[in-house]
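K.L.:
After the structure tokens below, expect a handful of questions from me.
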Amino acid sequence: MRWQDVEGPTLAFRDPRRFPHRPSGRISRTIMKSQALHFPLKGTVEIKERTIAAPGPDEIGVRVRACGVCHGDVSLFHSDRAESFPAFAGHEAAGEVEVVGAEVTRFKIGDAVALLGQERFSTHTVAKESQAMLIPGPVEDWSRWVVEPIACCVNGVAVAAIQPDDVVAVVGCGFMGLGLLQCLRHSPARLRIALALRDFSLEQALRNGADEALRSDANDVVAQIAKFAPARPMPNQYVVPGFEGGPCDVVFEASGSASGLKRASELVRVGGTLVMFGHQEGAATVDGTLWHMRGIRVLNASPMIATDFTQIFYRTVGLLKCGALNMADLITHRAPMDEAQRLFDHSKDKTYIKGVISF
7 MRWQDVEGPT
17 LAFRDPRRFP
27 HRPSGRISRT
37 IMKSQALHFP
47 LKGTVEIKER
57 TIAAPGPDEI
67 GVRVRACGVC
77 HGDVSLFHSD
87 RAESFPAFAG
97 HEAAGEVEVV
107 GAEVTRFKIG
117 DAVALLGQER
127 FSTHTVAKES
137 QAMLIPGPVE
147 DWSRWVVEPI
157 ACCVNGVAVA
167 AIQPDDVVAV
177 VGCGFMGLGL
187 LQCLRHSPAR
197 LRIALALRDF
207 SLEQALRNGA
217 DEALRSDAND
227 VVAQIAKFAP
237 ARPMPNQYVV
247 PGFEGGPCDV
257 VFEASGSASG
267 LKRASELVRV
277 GGTLVMFGHQ
287 EGAATVDGTL
297 WHMRGIRVLN
307 ASPMIATDFT
317 QIFYRTVGLL
327 KCGALNMADL
337 ITHRAPMDEA
347 QRLFDHSKDK
357 TYIKGVISF
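Numbered by our numbering, the letters in the sequence shown go through residues 7 to 365 in order.
Structure, rendered in structure tokens:
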């Protein structure tokens with residue numbers, strides 16, 4: 007498929023090989039008939055043709071090559087909410103620039119880019135220049151450059167402001183928890199502890215940066231951690247009897263579950279930090295007394311807390327480029343677009359961490 011001319015405002019195309027008859031570099035407005043993943047109802051994903059409006063002057067047209075499957079996409083696929091359908095989804099894309107708007111200065115035709123933005127499960131998409139980040143080419147494995155999800159982890163660790171010698175725990179070791187552990191390798195933390203419900207997840211945690219990996223549902227998990235990470239001594243006047251605190255300076259709640267939040271709260275020391283990283287959907291119940299009496303500093307590490315998430319994006323690309331972070335270690339399921347149904351069907355498997363669709 008190609009971008010096709012229609013009547014409308016002009017765009018700058020910067021590829022004379024494709025448009026030799028337009029020496030000015032300007033053409034009339036274009037459209038693209040794109041193939042996109044469509045979710046018509048629960049448990050079903052299909053391919054549907056969409057017409058994409060032309061990029062504006064500050065936008066680029068991109069041939070998508072890969073798009074990661076977010077936990078939110080999996081939740082949509084399995085959702086019982088009728089109002090969730092029909093829907094288009096996907097927000098973790100990477101691909102090649104095919105069209106460049108007249109005001110775009112950072113990209114040219116053929117550049118490889120990672121993208122922010124919604125509805126990216128599509129062969130073609132349009133993005134603001136500010137939503138794109140140049141990635142090093144030529145790209146052999148596009149799935150390794152699905153930047154957005156690991157950028158969320160980089161943002162989470164930045165928000166936590168970890169100090170030298172901190173003992174840090176991550177509760178929940180799905181993709182996001184494992185991504186946090188990769189990032190924590192490069193923090194000043196003294197000890198990185200992973201907690202999860204599945205043995206498979208604990209094995210993956212040790213491969214991705216955890217020093218210790220424990221079952222989060224163990225009754226004595228606080229005591230287990232205290233054996234190799236004793237709580238910092240605190241002046242008596244700051245400790246309320248019965249609320250002496252856990253052994254960890256910083257705890258990331260990365261499961262998005264009520265039980266994970268409860269466990270994470272129990273692990274935080276007096277005056278320590280609880281980072282709510284996982285998406286706690288809807289109303290969440292917390293032990294306000296525990297939080298108050300321990301003086302727990304509670305942070306929301308949603309990507310939306312970043313004043314400029316594109317800056318986090320830039321940092322993440324650099325970390326991937328130098329090998330400090332590695333998406334390949336976290337992707338367990340891959341499928342071409344026409345086999346997306348199969349990938350989503352397996353998204354609840356015990357060995358599933360992250361899926362990527364190729365286009």
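Glycine is no exception: its CB is placed at the ideal position from the N, C-alpha and C atoms.
What three-state label does DSSP hand M333 in the structure shown?
P.N.:
Note: M333 maps to helix in three-state DSSP.
K.L.:
What are the complete beta strand (DSSP E) segments, minimum 3 residues, inside the segment 100–163?
P.N.:
Runs of the beta strand (DSSP E) inside the segment 100–163: 118–121, 130–134 and 138–140.
K.L.:
Helix, strand or coil for D355? Go by DSSP, reduced to three states.
P.N.:
The answer is coil: DSSP assigns D355 none of H, G, I, E or B.
K.L.:
Less than 8 Å between the C-beta atoms of N214 and Q230, yes or no?
P.N.:
In this structure, Q230 does not lie closer than 8 Å to N214 by Cβ.
K.L.:
Report all residues from its chain with a CB closer than 8 Å to the CB of L203; omit the five preceding and five following residues, and keep chain order.
P.N.:
Once the five neighbours on either side are set aside, the close Cβ partners of L203 are R221, S222 and D223.
K.L.:
By the three-class DSSP mapping on this structure, what secondary structure does G284 have?
P.N.:
It is coil, neither helix nor strand.
K.L.:
Just to confirm my understanding: we take A330, look at its own chain, exclude 5 residues before and 5 after, and list those with CB closer than 7 Å. What are they?
P.N.:
Closer than 7 Å at Cβ, skipping near neighbours: H192.
K.L.:
Pick from A167, P155 and D171: whose alpha carbon is nearest that of G180?
P.N.:
With distances taken between Cα atoms, G180 lies closest to P155.
K.L.:
What are the complete beta strand (DSSP E) segments, minimum 3 residues, inside the segment 57–99?
P.N.:
Here the runs fully enclosed are 65–75.
K.L.:
With DSSP as the reference, label Q317 as helix, strand or coil.
P.N.:
Note: Q317 maps to helix in three-state DSSP.
K.L.:
If we count Cβ pairs, one from each stretch, closer than 8 Å, do we get three or more for the segment 64–77 versus the segment 120–127?
P.N.:
In short, these stretches touch, since the Cβ pair count reaches three.
K.L.:
Apply the 10 Å Cβ neighbour rule to P61 and answer buried if 16 or more other Cβ atoms are within range, or exposed otherwise.
P.N.:
That one is buried.
K.L.:
Does the structure place the segment 315–335 close enough to the segment 138–150 that three or more beta carbon pairs sit under 8 Å?
P.N.:
The segment 138–150, when compared against the segment 315–335, does touch it at the 8 Å Cβ threshold.
K.L.:
Under 8 Å between the Cβ atoms of D171 and E109?
P.N.:
No, they are not a contact pair.
K.L.:
Have a look at Q347 and M240 and give me their C-alpha separation to the nearest angstrom.
P.N.:
If you take the alpha carbons of Q347 and M240, they lie about 54 Å apart.
K.L.:
Is there at least one non-hydrogen atom of the ligand ADP closer than 7 Å to the beta-carbon of R321?
P.N.:
Ligands in the displayed structure: none, and consequently the ligand ADP is not present.
K.L.:
I'd like the span of the beta strand (DSSP E) that includes V177, first residue to last.
P.N.:
Element bounds for V177: V173 to V177.
K.L.:
In the structure shown, what three-state DSSP assignment does A260 receive?
P.N.:
A260 falls in the coil class under three-state DSSP.
K.L.:
Counting along the chain, where does the beta strand (DSSP E) carrying G361 start and finish?
P.N.:
From DSSP, the beta strand (DSSP E) with G361 extends over G361 to S364.
K.L.:
Identify every residue that forms a DSSP beta bridge with S40.
P.N.:
For S40, which the question treats as bridged, DSSP gives the partners R56.
K.L.:
Work out the CA separation of T316 and M139 for me, nearest whole Å.
P.N.:
Their backbone Cα atoms lie some 8 Å apart in a straight line.
K.L.:
DSSP three-state call for H192: helix, strand or coil?
P.N.:
Reduced to three states, the DSSP call for H192 is coil.
K.L.:
Tell me, please, whether the segment 276–288 touches the segment 299–310 by the rule of three or more beta-carbon pairs shorter than 8 Å.
P.N.:
Touching, per the Cβ criterion.
K.L.:
Distance, Cα to Cα, V80 vs P194?
P.N.:
Roughly 34 Å separates the two Cα atoms.
K.L.:
When you compare only the Cα positions, how much space is there between H339 and M182?
P.N.:
About 16 Å.
K.L.:
Ignore the nearest five residues each way along the sequence and tell me which others in F83's own chain have a CB closer than 6 Å to its CB.
P.N.:
Answer for F83: F350, listed in chain order.
K.L.:
Output yes or no for whether 8 Å exceeds the beta carbon distance between V174 and C76.
P.N.:
Not a contact, by the Cβ cut-off of 8 Å.
K.L.:
Of the choices G266, G107 and L122, whose alpha-carbon is the least far from that of I115?
P.N.:
Closest by alpha carbon: G107.
K.L.:
If contacts are defined as beta-carbon pairs under 8 Å, then A99 and T131 qualify, I think. What distance do you get, rounded to the angstrom?
P.N.:
Yes, A99 and T131 are in contact; Cβ-Cβ is about 7 Å, under 8 Å.
K.L.:
Would you mind sorting E104 into buried or exposed? The rule is 16 or more other CB atoms within 10 Å of its CB.
P.N.:
Buried, since its Cβ has 16 or more Cβ neighbours within 10 Å.
K.L.:
Go ahead and pull the three-state DSSP assignment for D223.
P.N.:
D223 falls in the coil class under three-state DSSP.
K.L.:
How many angstroms separate the CA atom of F45 from the CA atom of G266?
P.N.:
Taking the straight line joining both Cα atoms gives about 30 Å.
K.L.:
Checking the sheet assignment: what are the DSSP bridge partners for A200?
P.N.:
DSSP, once it has assigned bridges, lists V176 and A219 as partnering A200.
K.L.:
Under a three-way DSSP split, which group does A341 fall into?
P.N.:
Here A341 sits in strand by DSSP.
K.L.:
Is the Cβ-Cβ distance between A42 and F94 less than 8 Å?
P.N.:
Taking 8 Å as the Cβ cut-off, A42 and F94 qualify as a contacting pair.
K.L.:
Grab me the residues of P22's own chain with a C-beta within less than 6 Å of its C-beta, minus the 5 sequence neighbours each way, in chain order.
P.N.:
Because P22 carries a pLDDT of 38, less than 50, the predicted location of this residue cannot be relied on, and no value is offered for it.
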